[in-house]
Structures are given as structure tokens and as C-alpha cells.
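Chemist: Taken in sequence, the protein lines are chains A and B. Note that UniProt numbering numbers the first sequence so that position 261 is 261, with each residue one more than the last. Note that UniProt numbering numbers the second sequence so that position 74 is 74, with each residue one more than the last.
2 protein chains.
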Amino acid sequence: MTRERRATITDVARAAGVATSTVSRAFTRPQRVNAATREHVLRVADELGYVPNPAARAMGTGRTQTLALLVPDLTNPFFSGIITGAEQAAARAGRTLVVADTQESPEREQHLLTSLDPAVDGFVVAASRLPDDALREAAARSRIVLLNRATPGLPAVVADYESGTRQVVEHLASLGHRELVFLGGPVGSWSGARRWAGLQRACADLGVQAVRWGPYSPTLAGGPGAADAALAAGARAVVCHNDMLAIGVLRRLAERGVAVPADISVVGFDDIFGADFCHPPLTTLAERTRDAGSAAVGLLISAETDGVTALPTELRVRASSGPPRS
Amino acid sequence: MTRERRATITDVARAAGVATSTVSRAFTRPQRVNAATREHVLRVADELGYVPNPAARAMGTGRTQTLALLVPDLTNPFFSGIITGAEQAAARAGRTLVVADTQESPEREQHLLTSLDPAVDGFVVAASRLPDDALREAAARSRIVLLNRATPGLPAVVADYESGTRQVVEHLASLGHRELVFLGGPVGSWSGARRWAGLQRACADLGVQAVRWGPYSPTLAGGPGAADAALAAGARAVVCHNDMLAIGVLRRLAERGVAVPADISVVGFDDIFGADFCHPPLTTLAERTRDAGSAAVGLLISAETDGVTALPTELRVRASSGPPRS
DNA sequence: GTGAAAGCGCTAACAT
DNA sequence: ATGTTAGCGCTTTCAC
Numbered sequence: 001m002t003r004e005r006r007a008t009i010t011d012v013a014r015a016a017g018v019a020t021s022t023v024s025r026a027f028t029r030p031q032r033v034n035a036a037t038r039e040h041v042l043r044v045a046d047e048l049g050y051v052p053n054p055a056a057r058a059m060g061t062g063r064t065q066t067l068a069l070l071v072p073d074l075t076n077p078f079f080s081g082i083i084t085g086a087e088q089a090a091a092r093a094g095r096t097l098v099v100a101d102t103q104e105s106p107e108r109e110q111h112l113l114t115s116l117d118p119a120v121d122g123f124v125v126a127a128s129r130l131p132d133d134a135l136r137e138a139a140a141r142s143r144i145v146l147l148n149r150a151t152p153g154l155p156a157v158v159a160d161y162e163s164g165t166r167q168v169v170e171h172l173a174s175l176g177h178r179e180l181v182f183l184g185g186p187v188g189s190w191s192g193a194r195r196w197a198g199l200q201r202a203c204a205d206l207g208v209q210a211v212r213w214g215p216y217s218p219t220l221a222g223g224p225g226a227a228d229a230a231l232a233a234g235a236r237a238v239v240c241h242n243d244m245l246a247i248g249v250l251r252r253l254a255e256r257g258v259a260v261p262a263d264i265s266v267v268g269f270d271d272i273f274g275a276d277f278c279h280p281p282l283t284t285l286a287e288r289t290r291d292a293g294s295a296a297v298g299l300l301i302s303a304e305t306d307g308v309t310a311l312p313t314e315l316r317v318r319a320s321s322g323p324p325r326s
Numbered sequence: 001m002t003r004e005r006r007a008t009i010t011d012v013a014r015a016a017g018v019a020t021s022t023v024s025r026a027f028t029r030p031q032r033v034n035a036a037t038r039e040h041v042l043r044v045a046d047e048l049g050y051v052p053n054p055a056a057r058a059m060g061t062g063r064t065q066t067l068a069l070l071v072p073d074l075t076n077p078f079f080s081g082i083i084t085g086a087e088q089a090a091a092r093a094g095r096t097l098v099v100a101d102t103q104e105s106p107e108r109e110q111h112l113l114t115s116l117d118p119a120v121d122g123f124v125v126a127a128s129r130l131p132d133d134a135l136r137e138a139a140a141r142s143r144i145v146l147l148n149r150a151t152p153g154l155p156a157v158v159a160d161y162e163s164g165t166r167q168v169v170e171h172l173a174s175l176g177h178r179e180l181v182f183l184g185g186p187v188g189s190w191s192g193a194r195r196w197a198g199l200q201r202a203c204a205d206l207g208v209q210a211v212r213w214g215p216y217s218p219t220l221a222g223g224p225g226a227a228d229a230a231l232a233a234g235a236r237a238v239v240c241h242n243d244m245l246a247i248g249v250l251r252r253l254a255e256r257g258v259a260v261p262a263d264i265s266v267v268g269f270d271d272i273f274g275a276d277f278c279h280p281p282l283t284t285l286a287e288r289t290r291d292a293g294s295a296a297v298g299l300l301i302s303a304e305t306d307g308v309t310a311l312p313t314e315l316r317v318r319a320s321s322g323p324p325r326s
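Here you go:
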């Protein structure tokens, strides 16, 4: 099968009887070319099936009109919302989005940041696992917006964990809980640290005892270990690092015949797909992931160089939390 | 903040005291350059933080080392597996993957196929909504591999629906069901058509009555309408276009106090994230989406031009299906 | 084995 | 308003 050679700007120029620069302008600065000529050029281009070659365009301008989104785990539905939001915002702005999976690996994240650099105009890095100085160094080369991670000097979009964790604690306290266990995720997780810090502050204010256990894997697979530990210690309310872990915990508790929420209340973070139809439906702190994804892309495009955008969160109370059985 | 200018091949050549062509060769044809020179060049390049510019490379060669994946709906977890598999296969092969959402729109799919064309070396188009001739036309310009869609002349990766649907019908028949209702998805859906065709054949062979209703939206939102219709007609077993719809149906049945599976059995397709922890856990035909994604990318890279790869499916029997209450 | 030089398709001065 | 021309960073003949 022989593929047709793509029409170039030169082909269009020749067919339209104008210079290549006119064709170029007709596409990039329509107002800077006579209306009639523009019409004509555009029509000829269309007939020839001409589509500008972004690689060639990138060479002259240095801008690729492409943005990269780095996520730690493509299979985690939490990031689906972010991807969707980012993709929409990029598409709206006429940019192409490249999505890459860092597989929770700082090395791979670092590698992508350098190898993709010449190919893109900037990065949205979600839940970065990189140390602050590595991020700042990368930011000296490329435009970077952080998502659910913040470090001084870099623009970031984060969930408002301060208010969010307070909502969680108030909810549990109002149900009569006086102590809670935080089932923590990876030690290096920035959002995990913020969640725990917020919970602690809120607990202190509201007279609730809080302890942190873990780390547990922030996946369904982390559930059994976390659930067993909570059970062994007689916890009556657990707050999990994220929904994946929380759902894993729920499943393990069901296996072991433990009643939720009568025996133990379970709360998660993220409100991922599935949190409302697992059993029992999960009480969780919802983040506006679509908005976060599109906000991050927006910052990237507007060339923001600093500042933290905090997005509101919302506690979704479902059946996994309730008053402790006395 | 002034960003450092990226080192170019010229910088490396100058610093290493060789010609640019030697630097180029050191990267692209390591064996065609003296080992010592190569070492030296590579070391200098590393010191300068040189990373080849893919856009420039693309101009000379015409290959961008970038592949595009088009999906109808990024928020559908079914496609998460495909994205993951495709991304892994692309990364393994040193390619970059671009993911775009067609939003179930043939027009947008068409548009992406042409506008992205010069930017990528080929497309994986998942669950294409385009008519056969539009696909063939696109394939004359770009390299295309279809996923869960097939049309003569184009390479494709599909699930083995023939065997899969038979497993579904055998399962229901073995439980004592003598009739089933297929709650169909979008009319234009190729996989929907194959699923229905397979169900019909299997039903004919096994003496089961089958009727098709719909179309319903293949989303959670499609559930209520589909469930209500099934209920009104007294269906005892429904097979849904996909898991999203099936879970929507499940939720609606729960709302209406209908017992699953005693009153009605529900079966889905895809085994998406959540299918095993919704309530009751959903019996569904699992497709190997990760494998499908990576297989499609593999075909793209190996420049396959035709042939259908059928991937095995597996029925996951869970609690949503059972014998009808007599 | 290595260098010199000609493009790849496009944009952006600079002319006209 | 439009044409001319010089690159952008890299690969690739073609010489040496």
C-alpha cells in the first residue's frame, strides 16, 4: 500500500499562485492577508488536503503546541478525571496532549521530564514523586505546573485539604466518634502528608484522637493489610489515604464479616468512579479532578510562573460512615 | 525566569570537536562510528544536557516516533485498560503516545484523524464510530490499527465475541433461563452489533429466546431507562451492552427494590474497574483490554497492513446472575 | 570513520 | 498586502 505524499505549503503556494509566506500567513495570521487571497488560499489548501506539519512549525517557532501530562498510575481512576479535564482544556486551546505514566517511579518521572522536554511546550505533573530541588531544576528548563503537589516557586493546583480534612473530622465527630485511625499511603506522598496534617489539626480542634498507621499501598491490594490492622486494634473509624485503599479495606471487612458502619466507619479520599456503587457506598472527600486537570492546563497555557490554586473539596456522605455501635 | 537555551547537536559537535553528522550518527547508528569517538561524543552530550529534538528529527525522516490513540470516551474505565496497555507498549518501543478523546463523535474522530496525521506515525482507533469507507480513506493517508472494530483491508484487534457471547448464553441457560433481553447500546456500535449477533447465534443453538431493546446510552445514565423497560416487560435475565450500563441497571433495580439475581439476572460486558465491587458484584464477559491496547500498538509498529487479531475473552461469574425464582 | 553540505516544511524578518 | 530569503535542528547522501 503506497501512501500519498502529504501536500506541503509549497504545493499550496504553487497551486494558488502565491508565495509560501502568504499561505503561512493565511493560516497563522488570517487578518494580515487580503480577504480574497485568504479565501482562495484556504480553498486550494482544502482541495489539496493540506494540513500544516506541526514538526516543521515547531522548528521555526520553538513551540510545539503540545503539552505533556505525567501521572503516577494510569490505571488509577482518580487520574482519569484529571486526564479528561486536561485533555478538554488542551483541545479547547488547540493544543495536543501527551499522557505518560511514571509508574510511581521518581526516576522514570525525571527521565520523562528531560526526554519529553524538547517535544512539548510544558508539563503538568500530577502527584509528583520528585524531591523539591529536582522539580525546581526541571522547572529551570521547562514550563511546569504541579497538580496535587506544591513547592515554592512553582505554580500548582491542589485540593483544599485544610477545609476538606476538617469536613471529614467534623462528620465523624458529629456521629459520635472520638478517635480515628488514618491508614496512610506511600511515605513520599505529598497529598498524603497534607491529608494527615489537616486531619491532625482538625482533630486537635475538635477533641478527637488521631493516629496514623501504614504505609499501605494506595491500591485495592493495600486493603487487606490495612483492614486487618485496624480490626486488630479495635478501631471504630478509619480514614484511608485514598478511595482505592478504602475500597480494598471495605472488601476485606466484608470478607471478615465486619459490619460497616456499625462496627467500623470507613472514609476515603477522591470519590473515584465506583465509590458510589461499592458496598456499602463510600463516604469520601471528593476532589474536583476534572477542574484540577483543566485548571493546570490553563495555568500552563497562560504561562503562570508561581502561585497555588486551591480547589474546593466536598464531603460526600454515603453509607460507609455512621455512629459507632455502643 | 529565563529558561536556559537547550543544547543542540551543533553545540555538542563543537564541544566534542567533531562534525554534527558524527554526533548524529553517535546517537542513531552507534555502530557506524568509532567506539572511542562515540564514547567521547556521548559523554560531552551528557555534560551539556543534550536531548535530541524530535521535531527536528521528524523533519528529516518524516517519522515522529509518536503514536496516537483515539478513544470515544476517556471517562469510561473500559478505555483505561486500553490506554495503559497502549502506553506501555509505546514506551517499551521508545515511542510517545498521544491520547485523544473523540467524545463519541464521528466528526471529531474524522477531524483528529486528519489534523493529527502529520504529527504522528500512526493511529490506534478504539471503537471507531466512523463508517467503513471513511476509515479506508483515512488509512490511505495514515497507518491505522482498529481496536474493537474491524473492516476489510485494515488491521484490527478485537475481542473474540463469538466465543464470548456463547459463554454468556451457556451460563444463563445452565441456570435455567430460557429467554433473555439484550439491552443494546448505540446503534452505530460495531462491538454492540457483534455482541448481539453472537448472542443470537448462541441463543438459537441453545434454545433460548432473545430479544433486543434499546438503544440505551452505554453509561451509568443509561441504566434507569433500560432497567425500567426490562422490569415493565417482566424480563428475568438481561444482558447489557456494557458494564457501565449494567451497573446503572443494577443501581436502578436496587432503588426499585428488585432482587438481583432472584428476580432478575444481570450480565455485562468488559469487566471494568468496579464490576467486582458493585452490588451485587457483576457477572460480565472480561476482555483483555491491556493486551488489546498493547497488541494494537504492536501491530502499528510492526507496520501490519491487514488481518484481524482476536483476543480471547473470559466470563467472570459473580453474584448478579443466578437461577430465576420460580 | 568522518566531514561538508543539502535539504525536510515552516515561520519571520526584511524587502518591495 | 505580498514576495524573498534565511534559518530552526537534525539526518543523510556524497566525498574524502
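Each residue gets a CB set at the ideal place from its N, CA and C atoms; glycine is no exception. Computed from a predicted structure; not experimentally measured.
Skipping 5 residues on each side, what residues in its chain have a beta carbon closer than 6 Å to that of P323 (chain B)?
Modeler: Taking the first residue of the second sequence as position 1, residue 323 (chain B) is located at position 323. Taken in chain order, the residues that qualify are L175 and G176.
Chemist: In terms of DSSP beta bridges, what is W190 (chain B) paired with?
Modeler: Here residue 190 (chain B) refers to the residue found at position 190 when the second sequence is read from its first residue. According to DSSP, W190 (chain B) bridges with nothing at all.
Chemist: As an exercise, report each continuous alpha helix (DSSP H) stretch of at least 4 residues that is fully enclosed by the segment 90 to 160 of chain A, in chain order.
Modeler: 106 to 115 and 132 to 141
Chemist: Verify the CB distance criterion: does residue 327 (chain B) have a CB-CB separation below 9 Å to chain A?
Modeler: In the structure displayed, chain B extends from 1 to 326; residue 327 (chain B) sits before or after that span and is not available.
Chemist: Quick one: grab the DSSP three-state call for C278 (chain B).
Modeler: Taking the second sequence and counting its residues from 1, the one referred to as residue 278 (chain B) is at position 278. C278 (chain B) falls in the coil class under three-state DSSP.
Chemist: Check whether the segment 222 to 235 of chain A touches the segment 249 to 263 of chain A, taking contact to mean three or more Cβ pairs, one atom from each stretch, closer than 8 Å.
Modeler: They touch, by the three-pair rule.
Chemist: Taking the straight line between their C-alpha atoms, what separation do you get for A86 (chain B) and L67 (chain B)?
Modeler: Taking the first residue of the second sequence as 1, we reach residue 86 (chain B) at position 86. Taking the first residue of the second sequence as 1, we reach residue 67 (chain B) at position 67. Whole-angstrom Cα-Cα distance: 9 Å.
Chemist: Using the Cα positions of L74 (chain A) and D160 (chain B), report the straight-line distance between them to the nearest angstrom.
Modeler: Residue numbering aside, residue 74 (chain A) sits at position 74 when the first sequence is read from its first letter. Residue numbering aside, residue 160 (chain B) sits at position 160 when the second sequence is read from its first letter. Approximately 26 Å between the Cα atoms of the pair.
Chemist: Quick test of the definition: if touching needs 3 or more C-beta pairs under 8 Å, does the segment 258 to 274 of chain B touch the segment 132 to 149 of chain B?
Modeler: no
Chemist: Kindly identify the DSSP beta-bridge partner or partners of Q209 (chain A).
Modeler: Locating residue 209 (chain A) in the first sequence gives position 209, where the first residue counts as 1. The partner list for Q209 (chain A) (beta bridge, DSSP) reads A:E179.
Chemist: Please give the ranges of any alpha helix (DSSP H) in the segment 242 to 269 of chain B, keeping only runs that are unbroken, at least 4 residues long and fully inside the region.
Modeler: 243 to 255
Chemist: Tell me the DSSP bridge mates of L69 (chain B)?
Modeler: In the second sequence, residue 69 (chain B) corresponds to position 69, counting from 1. Paired residues: B:V99 and B:V124.
Chemist: Is the beta carbon of H279 (chain A) sitting closer than 9 Å to the one on F277 (chain B)?
Modeler: Taking the first residue of the first sequence as position 1, residue 279 (chain A) is located at position 279. Taking the first residue of the second sequence as position 1, residue 277 (chain B) is located at position 277. A contact, by the Cβ cut-off of 9 Å.
Chemist: Using a beta-carbon distance below 9 Å, is A140 (chain A) in contact with chain B?
Modeler: As a working note, residue 140 (chain A) is residue 140 in the first sequence. It does; some Cβ of chain B falls within 9 Å.
Chemist: Excluding the five sequence neighbours on either side, which residues of its own chain have a C-beta within less than 7 Å of the C-beta of M1 (chain B), listed in chain order?
Modeler: For the purposes of this step, residue 1 (chain B) is taken as residue 1 along the second sequence, with counting starting at 1. Confidence at M1 (chain B) is low in this model, with a pLDDT of 46, below 50, so its placement is unreliable and no value can be given for it.
Chemist: Terminal residues of the continuous alpha helix (DSSP H) containing L315 (chain A)?
Modeler: In the first sequence, the residue the question calls residue 315 (chain A) occupies position 315. That residue, L315 (chain A), is in no alpha helix (DSSP H); its beta strand (DSSP E) goes T313 to R316.
Chemist: Could you check whether the Cβ of M1 (chain B) sits closer than 9 Å to any Cβ belonging to chain A?
Modeler: Position 1 of the second sequence, counted from the first residue, corresponds to residue 1 (chain B). Because the pLDDT of M1 (chain B) is 46, which lies under 50, any placement of that residue in the model is unreliable, and the question is left without a value.
Chemist: Just tell me which of A:V120, A:D117, A:P72 and A:L112 has its CA closest to the CA of A126 (chain A).
Modeler: In the first sequence, residue 126 (chain A) corresponds to position 126, counting from 1. Nearest of A:V120, A:D117, A:P72 and A:L112 to A126 (chain A), Cα basis: A:P72.
Chemist: Less than 7 Å between C-beta atoms, sequence neighbours within five positions excluded: which residues of the same chain meet that for L300 (chain B)?
Modeler: For the purposes of this step, residue 300 (chain B) is taken as residue 300 along the second sequence, with counting starting at 1. Here the set comprises L67, G122, V124, R143 and V145.
Chemist: According to DSSP, is D11 (chain B) part of a helix, a strand, or is it coil?
Modeler: Locating residue 11 (chain B) in the second sequence gives position 11, counting from the first residue. Residue state, collapsed to three classes: helix.
Chemist: Starting from residue 346 (chain B) and walking both ways along the beta strand (DSSP E), at which residues does that stretch end?
Modeler: Within the shown structure, residues of chain B are numbered from 1 to 326, placing residue 346 (chain B) beyond reach of any answer.
Chemist: For a cutoff of 9 Å on Cβ pairs, would you count N53 (chain A) as touching chain B?
Modeler: Taking the first sequence and counting its residues from 1, one reaches residue 53 (chain A) at position 53. By the rule that beta-carbons nearer than 9 Å mark a contact, N53 (chain A) touches chain B.
Chemist: Alpha carbon to alpha carbon, how far is L180 (chain B) from A233 (chain B)? Give it in angstroms, no decimals.
Modeler: In the second sequence, counting from the first residue as 1, residue 233 (chain B) sits at position 233. In the second sequence, counting from the first residue as 1, residue 180 (chain B) sits at position 180. If you take the alpha carbons of A233 (chain B) and L180 (chain B), they lie about 11 Å apart.
Chemist: With 9 Å as the threshold, decide whether the Cβ of R6 (chain A) is near any Cβ in chain B.
Modeler: For the purposes of this step, residue 6 (chain A) is taken as the residue at position 6 of the first sequence. Interface residue, yes.
Chemist: Based on the DSSP output, what are the partners of T309 (chain B) in its beta bridges?
Modeler: In the second sequence, counting from the first residue as 1, residue 309 (chain B) sits at position 309. According to DSSP, which records beta bridges pairwise, T309 (chain B) is partnered with B:V157.
Chemist: Can you tell me whether V23 (chain A) is helix, strand or coil according to DSSP?
Modeler: Residue 23 (chain A) sits at position 23 when you count from the first residue of the first sequence. Of the three classes helix, strand and coil, the one that applies to V23 (chain A) here is helix, per DSSP.
Chemist: Roughly how many whole angstroms lie between the Cα atoms of R129 (chain A) and G60 (chain B)?
Modeler: If you number the first sequence from 1, residue 129 (chain A) lands on position 129. If you number the second sequence from 1, residue 60 (chain B) lands on position 60. Cα-Cα distance, rounded: 36 Å.
Chemist: Measuring CA to CA, which of B:P218, B:R288 and B:A210 is closest to A235 (chain B)?
Modeler: In the second sequence, counting from the first residue as 1, residue 235 (chain B) sits at position 235. Of B:P218, B:R288 and B:A210, the residue nearest in Cα terms is B:A210.
Chemist: DSSP state of A235 (chain B), grouped into three classes?
Modeler: If you number the second sequence from 1, residue 235 (chain B) lands on position 235. Three-state result, A235 (chain B): coil.
Chemist: So, is P77 (chain B) buried or exposed, given that buried needs 16 or more other C-beta atoms within 10 angstroms?
Modeler: Within the second sequence, residue 77 (chain B) is the residue found at index 77, counting from 1. Its Cβ being crowded by 16 or more others within 10 Å, P77 (chain B) is buried.
Chemist: So G274 (chain A) contacts chain B; which residues on that side make the cut at Cβ distance below 7 Å?
Modeler: Counted from its first residue, the first sequence places residue 274 (chain A) at position 274. Within 7 Å Cβ-Cβ: F273, G274 and F277.
Chemist: What does DSSP give as the partner residue(s) for C240 (chain A) in the beta ladder?
Modeler: Position 240 of the first sequence, counted from the first residue, corresponds to residue 240 (chain A). Paired residues: A:L183.
Chemist: Interface residues of chain A around residue 334 (chain B) at Cβ under 7 Å?
Modeler: A question about residue 334 (chain B) goes unanswered here, because the residues of chain B that appear run from 1 up to 326.
Chemist: Tell me whether V308 (chain B) is buried or exposed, calling it buried when 16 or more other Cβ atoms sit within 10 Å of its Cβ.
Modeler: As a working note, residue 308 (chain B) is residue 308 in the second sequence. Its Cβ having fewer than 16 others within 10 Å, V308 (chain B) is exposed.
Chemist: Per DSSP, what kind of secondary structure is residue 340 (chain B) in: helix, strand or coil?
Modeler: This structure leaves residue 340 (chain B) out entirely; chain B is present only between 1 and 326.
Chemist: Taking 7 Å as the limit between beta carbons, can you name the residues of its chain near S294 (chain B), skipping five residues before and five after?
Modeler: Reading the second sequence from its first residue, position 294 is the one you call residue 294 (chain B). Here the set comprises G85, A86, Q88 and A89.
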